[in-house]
Amino acid sequence: MQLAALKHRTESEDCFVIDSHHVKIRFHSAKNDVQKIIVHYTDNYLDTRTDKTIEMENCGQGQESDYWTAILEAPYHRLKYTFEVIGQDRSHKIVGDRGIKDYSDENIIADSSYFKIPYLHDIDQVKTPDWVKSTIWYQIFPERFANGDKNNDPHNTKVWNPNDHPGREDFYGGDLQGIITHLDYLQSLGINGLYLCPIFEASSNHKYDTIDYLQIDPAFGTKELFAQLVNEAHKRGMRIMLDAVFNHLGSQSLQWQDVVKNGSKSRFASWFHINQFPVEKYYGPEESGPNYDTFAFEGQMPKLNTANPEVQDFLLEIATYWVKYFDIDAWRLDVANEVDHHFWMKFHDAVMAIKPDFYIVGEIWHNAQPWLNGNEFSAVMNYPYTLQIEDHFFKKTKTASELVTALTDQVMMYRDCTNQAMMNMLDSHDTARLLTLAGENKDLAIQALAFMFIQQGSPCVYYGTEMAMTGGDDPDCRKPMDWEKEDTDYWQKIHEIIALRKEYAMILGYGTINLSITPKGLIEVKRNCDSKKLTALFNTTKSEIKINVEEAPVISQNYFNEKIGVNGFVVLIDK
């Protein structure tokens, strides 16, 4: 048995409270190396001879590991436990708090062999909003969704043309009224969550270069109009998520302009990361380096010093203002990984004090476990998960087996409630569009979207995906919305996928997940919640594959005579 592969960490994603009397634990072992794992557990203050035992379930295989899971009962809100591990080679070990020991009657009752959970404090339990687990998000780039009021169009607004290839400086006149006008449309699609890219006053069309966080950009409308949008959305059962840029300000902001004018004497000088005065215009990396820090190499986006108490107060006022006075339901946080953890903890506490079921999503494109321990973010944009889906379905750089093991590893990085709240998307304002990624193969695009929709996490549709819009990387992915393609077969298929997610919200929102490859090469996804089961099969091979099923699929593509064709799938419910 490979002893170095036997791993468990208490009070982590390997051991987390699920309610006041139950703890879920996970254990890692080398692939195909362990035959059986038995957990011995009891109360902290009871003799180990009072142990109960439970055999762990093998819940999936990663690239190098097998994963095991069990739920332990803690009637007195306390727990100690240890692992009895039996290898395929018949070796017999105990894995506990103080290392690995040979199995013996003496070692299994030794208190030193046991991991400890001193008390299951409710306040320490990582929780995520329940409503998110049944939410289907729709991401709107406000400047390109719909022009509902031509009276607020910027100077030189272009004619609305979905076939355009937008430049970085182009304006098309999209606004809040355009969103309000189409709320009924979004409801008919099945959407119950709106994620809006920044709507605050800014110079650009994308609004990530904020001038004033407390004002709606005049080209989008007014606060009164935004209040109407929130109210109308809430009437339809839709949540509202706004986009906040707290890593940097726009260069036209009052604060930065004061620094430009007054240098080190500016009262805002300590609000930024300035290396020397006077600050100079900066357009990209130079040998000598910039004389102030920025987002990436964007000279128009000077980076805020979020360790400064004045900056903290400024940003927290903004964060709470839109929750208190406009009743928004969530913040999406731009460049969240470049802001210090101390600030995000303050941010978390401030918004949760107003709205305990508030949803906080960080934009982080890598493993985000440090931000997901219950005191910063509810979840992140789940790019490390969804980009691997694209690697297999579109780029063909991962085999089906490699995809399944990679996704299993990814799931095991986080607690269940965190995985359930993750924001999943296959395209966004920062990436090429879904249909373009799929080489304009509509069946392939639908197949990948269906696969994403049955994963753990809250799925997000980028505006226009349902209209079969295409577009390369930013800014081409930000074309004006094509309003001429509603009710096409493609639109209807996406509507069906959304309806599936809503109809089986309990299974897909809360159920366990197991990914595997069938002997014939299909990707199999099993979702279980209590006694209810959903199974999905995806054919990403180059030939049709016969399956034997007793029930008709609840949704399918390229499925005829019990055969799943190329780019096909079936979703089955165990009744």
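All residue numbers for the sequence shown refer to our numbering, where the first residue is 501 and numbers rise by one. Note that CB positions come from ideal geometry on N, CA and C, so glycine has one too.
If distances are taken between C-alpha atoms only, which option among the options comes closest to residue i?
i	options	result
M501	V595, H540 and E573	V595
F1038	I946, I1007 and G599	I946
R832	Q728, V851, Q535 and H842	V851
A796	V730, D709 and Y859	D709
G674	N647, P654 and H508	N647
D849	N1058, L816, N1061 and V745	L816
E732	I586, F516, L694 and Y962	L694
D987	Y685, V823, D758 and D976	Y685
L926	E940, E890 and V823	E890
F858	W631, F615 and Q563	W631
A948	A938, R736 and Q956	A938
G587	Y576, D602, R598 and H577	D602
D1030	D1074, P618 and D551	D1074
T806	T965, T553, F847 and F726	F847
Going by beta-carbon coordinates alone, are residue i and residue j separated by less than 8 Å?
i	j	result
A574	I525	no
A836	G862	yes
A505	S591	no
F777	S764	yes
R739	D829	yes
H929	T1040	no
Y638	V880	no
Q1057	D943	yes
I680	Q728	yes
A921	P629	yes
K1026	K1032	no
D543	R598	no
Which word fits residue i, buried or exposed, when buried means at least 16 other C-beta atoms lie within 10 angstroms of its C-beta?
i	result
P870	exposed
T918	buried
V1157	Outside the shown range of the chain, which is 501 to 1075, sits residue 1157, and nothing can be said about it.
M981	buried
D916	buried
K580	buried
W756	buried
T886	buried
E584	buried
N882	buried
I636	buried
M845	exposed
D717	buried
Per DSSP, what kind of secondary structure is residue i in: helix, strand or coil?
i	result
Q535	strand
K761	helix
L689	helix
P959	strand
W568	strand
I636	coil
N849	Note that residue 849 corresponds to Asp in the displayed sequence, not to Asn. It is helical.
Q561	strand
K616	strand
V480	Absent from the structure is residue 480, since the part of the chain shown begins at 501 and ends at 1075.
V1066	strand
D622	helix
A999	helix
S529	strand
Alpha helix (DSSP H) runs wholly inside the region 1015-1046, at least 4 long, in chain order | none
Within the region 796-831, note down every full alpha helix (DSSP H) run reaching 4 residues or more, in order along the chain.
-> As far as the region 796-831 is concerned, its whole alpha helix (DSSP H) runs of at least 4 residues are 809-826.
Note down, one range per segment and in chain order, each beta strand (DSSP E) of at least 3 residues found wholly within the region 732-758.
-> 739-744
Note down, one range per segment and in chain order, each alpha helix (DSSP H) of at least 4 residues found wholly within the region 872-948.
-> 883-893, 900-911, 916-921 and 934-937
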